[in-house]
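Worksheet: the structure to be examined is printed underneath.
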Amino acid sequence: MTDEQTTEWRPTACILCECNCGIEVRLGGPEGRTFDRIRGDKAHPASQGYTCQKALRLDHYQNGPHRLTSPMRRRPDGTYEPVGWDTAIAEVAAGLARVRDTHGGKTIFYYGGGGQGNHLGGAYASATRAALGSRYRSNALAQEKTGEFWVNAKLLGGYTRGDYEHAEVVVFVGKNPWQSHSIPRARPTLKEIARDPRRSMVVLDPRTTETAELADHHLALRPGTDAWCLAALAAVLVQEDLLDRAWLAEHATGLDRLEPLLAAVDVDAYAAICDLDADLIRRTARRIAAASSVAVYEDLGVQMSLHSTVSSYLNKLLWVLTGNFAKPGGHYVPTSIVSLAGGGGAGGGDRRSPVAGARIISGLVPCNVIAEEILTDHPDRYRAMIIESANPAHSLADSPRMREAIEALEFTVVIDVAMTETARLADYVLPAASQFEKWEATFFNFEFPRNYFHLRRPLLEPLPGTLPEPEIHARIVEALGALDAVDLTPLAEAARLGRAEFGRRFLQLMGEHPEVAPLLSVILYRTLGPTLPGGAASAALLWGAVNRAVAQIGPSIERAGFDGAEPAEALFDAILTSPSGVVFSVDEPADNWARVRTPGGLLNLDNEIMLDALAGLAGAEPPGSDPEFPLVLSAGERRSFTANTIFRSPEWRRRDRDGALRVSRADADSLGLADGDRARITTRRGSAEVLVEISPMMRQGHVALPNGLGVTETPDAASVGVAPNDLTSSDHRDPIAGTPYHKHVPARLEPIGA
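Numbered per the numbering used here, the sequence shown spans residues 250 to 1003.
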């Protein structure tokens, strides 16, 4: 050990996927800002010391050459100049106000609000939007999850999750947890299921992934045929009378309309469409029906493929028809401090976007229509954007068109740690402190029966020239004059006297000035925030969230030990003082029924749009061979050495440096390609040169590129690998939720020079 190192291990969390596994970091380097060592945090309630290899390279995020250290203002020639914070805030507020006052706040569009781990800062954006009258927003969830959210809203009025750690049968649909994780301790959990002879794993995936290799039943279906496969599985449950009819009679409605449609399914014909053995489908359905508990996980492989919303409905039938809700090992409605995965209520999706008329689900405009909402002469078009912790110019479909749309806006501001592809198109870029330089948290908390919340303390002081997002939003709100009519001094003075007095004065203020309720986050930050220990001002909004949670899920919070006279204050204190996270709720299975928000509290199978789509599968044209584009490209695949879109330097990746295109041996041989050759991949939208990797994972006719590659961290660096969204089209999307078909892009592959 040198003088540059410290023996102190500091708890925090990984920020590279939704698991946010607890880690410990040992700092080193000349200024003590280098992540010298990283290991799993054994005290973390969910990950319990586990972490994958990606977290071990987080120093590339914290100390890579991508960091910004000054607000940047775009010059007329397209270059950028640094400006001071006072100038930047004043000019950003003036620019946004100009658009608001000229065209209305509804023309100011908000995108982002938190990456895989910085949700706390993003929550303060609601105040900025309220001050501007901004009505429309979106984020990455609308790329992936809104079809599932819409189905959930119709089915039970909320979000569901599976108890994968305890289920007898786990079904993964378009999901490879070995690489994409999404459940705590993913790899040990998968191994435990595979080793247990009493349990079974089912995988629906065209690829022979690491997870599929562990599965008892791998349904290696033809790409894009998930809906037919899932319909066939559900049909077997009906046709062989494997339903839990007594449970359904008590807890569900709509079976009378669904059952005849499934009874009419030709399982053998659907299996042929999927290029699967019909007996494999029947055996799989029987195993699901015989299990004491079943949990199904759908992910991007199906949520970004053909018939994605229909598939979300059909895969839920596997656990609904077998009675696997509100029981250990089944499905549940998770508790939350702050909900990210809403359902929008039982009727979610009734609002429409102003230009394209796209369904808005869980408050999110489909990402694939954003360019349409801008590149038009419609009077209600979006004219300004606030983009926070997001990179839509790279991460959304049809990147060239998205870049054109951003450039067509009257005003754009980006809040981020890096000069991303999107930041390079903005009028102003406001540099945020990194996730390890501020108090931060994730709202991806879905565990059962013991759910946790992790408020992370900063490991380092903010890099000079950067600010935490709560401070940025507070300054913008103040510069807009949104709080000029309210005297916050009495509330701030009450906070210094203690939270009991603060709570009393807070309720009084809300009663006197209900109009400022949308600015609540900034009000809490400016009044309660300065009194919180350790400089935890950013956590102030959690005080309100915890009080709301106690009102909504009080019994679960009491079971977690917060059962005194002031459970909300006790829980808030525990969150502030527990460096590795705190268990905030303990559920009983029956608690889930109180969270079903449909008429009568029943699971509703009678979804008119979904039933029509199910009936239509019999006559629908299955995905077939297009002579011009005979291959199916998955544009974005999770691999061991792909991470987020902020840092993609090849130095981060120990393997697969160039982000190779994975190709089957049969396809490579037919094209005369060898491993390591260069080839050209072409879609209807564009083409790119790729490095070929012959992979036993891929079935014939299916090729895959990794997610997140493209321009590297520094503006003058050359591209390494392919940016997948240069090859995708925004109009290639689900007709219900608008989610893109990134996992089913028609393509052709040719040797270079052919």
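Glycine is no exception: its CB is placed at the ideal position from the N, C-alpha and C atoms.
query	result
Who are the Cβ neighbours of residue 324 in its own chain at under 7 Å, not counting the five residues just before and after it?	330
On the DSSP letters alone, give me the boundaries of the alpha helix (DSSP H) that residue 802 sits inside.	789 to 808
State the Cα-Cα distance for the pair residue 463 and residue 892, rounded to the nearest angstrom.	24 Å
Specify whether the stretch 553 to 563 and the stretch 469 to 481 touch according to this definition: at least 3 beta carbon pairs, one from each stretch, less than 8 Å apart.	yes
Please name the residue, chosen from 339, 737, 876, 752, that lies closest to residue 815 on a Cα-to-Cα basis.	752
How close, in whole Å, do the beta carbons of residue 931 and residue 635 come, if the pair is a contact with beta carbons under 8 Å?	About 36 Å; that fails the 8 Å criterion.
Could you please give the first and the last residue of the uninterrupted beta strand (DSSP E) stretch that includes residue 929?	927 to 932
Could you pull the start and end residues of the alpha helix (DSSP H) that residue 634 belongs to?	Taken as a continuous stretch (DSSP letters only), residue 634 belongs to no alpha helix (DSSP H), being part of the beta strand (DSSP E) at 633 to 637.
Where does residue 989 sit, in a helix, a strand or coil, going by DSSP?	strand
Does the beta-carbon of residue 291 have 16 or more other beta-carbons within 10 angstroms, so that it is buried, or is it exposed?	exposed
Using a Cβ-Cβ cutoff of less than 6 Å, which residues in the same chain neighbour residue 995 once the five nearest sequence positions on both sides are dropped?	875, 878
Go through its chain and collect everything with a Cβ distance to residue 449's Cβ below 6 Å, but skip five positions before and after it.	418, 465, 536
From 277, 266, 267, 270, pick the residue whose C-alpha is nearest to that of residue 258; which is it?	277
Tell me the DSSP secondary structure of residue 954 in three-state form.	strand
Taking Cβ to Cβ, would you say residue 956 is nearer than 8 Å to residue 885?	yes
Kindly indicate which three-state DSSP category residue 359 falls into: helix, strand or coil?	strand
Might you give, ordered along the chain, the residues of its own chain that have their beta carbon closer than 8 Å to the beta carbon of residue 910, omitting 5 neighbours on each side?	928, 930, 939, 940, 941, 942, 952, 953, 954, 971, 998
With 16 other CB atoms within 10 Å as the buried threshold, where does residue 394 fall?	buried
Please report how far the alpha carbon of residue 828 lies from the alpha carbon of residue 581, in whole angstroms.	28 Å
Just the C-alpha distance for residue 488 and residue 569, rounded to the nearest angstrom, thanks.	16 Å
Short check: CB of residue 820 to CB of residue 379, under 8 Å?	no
Near residue 260, which residues of its chain fall below 6 Å by C-beta distance, leaving aside the five closest residues on each side in sequence?	273, 290, 828, 829
I'd like to check one pair, residue 771 with residue 1007: are the Cβ atoms closer than 8 Å?	Lying outside 250 to 1003, the shown extent of the chain, residue 1007 is not represented and no answer is given.
To the nearest angstrom, how far is it from the Cα of residue 565 to the Cα of residue 545?	7 Å
In whole angstroms, what is the alpha-carbon distance linking residue 612 and residue 385?	8 Å
With C-beta atoms as the reference, is residue 554 less than 8 Å away from residue 573?	no
Reducing DSSP to helix, strand and coil, say where residue 688 ends up.	coil
Have a look at 494, 485, 529 and flag the residue whose alpha-carbon is nearest the alpha-carbon of residue 513.	485
Just the Cα atoms here: how many angstroms apart are residue 528 and residue 505?	27 Å
Three or more C-beta pairs closer than 8 Å, one from the stretch 685 to 694 and one from the stretch 336 to 355: is that the case here?	no
Can you tell me whether residue 845 is helix, strand or coil according to DSSP?	coil
Among 983, 991, 993, 990, which one has its Cα closest to the Cα of residue 399?	983
What residue from 958, 888, 880, 903 has the CA that sits closest to residue 920's CA?	880
Just the Cα atoms here: how many angstroms apart are residue 918 and residue 1000?	11 Å
Given residue 744, which residues of its chain have a CB within under 7 Å of its CB, disregarding the five upstream and five downstream residues?	751, 776, 777, 780
For residue 253, which residues from the same chain have a beta carbon less than 7 Å from its beta carbon, with the 5 sequence-adjacent residues on both sides left out?	Note that residue 253 scores a pLDDT of 48, beneath 50, so its modelled location is shaky and nothing firm can be said.
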